[in-house]
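Here is the structure we will look at, set down as C-alpha cells.
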Amino acid sequence: MGFMRKLLSPAVRDELTMSTSFFSDSLVSGVVETFRSALELVVHGLLLVLEGGLENKMRF
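Quick note, our numbering runs 1 ahead of the 1-based positions in the sequence shown.
And the structure:
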C-alpha cells in the first residue's frame, strides 16, 4: 500500500505528467517535421514537373 501511495504522490505524478507530455510533444513535433519535409518534396517535385512541361511546350 505504501508503494501505491508513493506512486500517487504529487511529485511523482508531476514527473510522470512532464515526461509523458515531453514525449508526446517530441513525437508530435517529429511527425509534423516529417510531414513538412514530405510536403516540401512533393511541392518541389511538382514544380520540377511543371517546369519540365513548360520547357517542352516552348520547344514545340
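Ideal placement from N, C-alpha and C gives every residue a C-beta, glycine not left out.
With 16 other Cβ atoms within 10 Å as the buried cut-off, status of residue i
i      : result
His-45 : exposed
Simplified DSSP assignment, three categories, for residue i
i      : result
Ser-25 : helix
Ser-30 : helix
Ser-10 : coil
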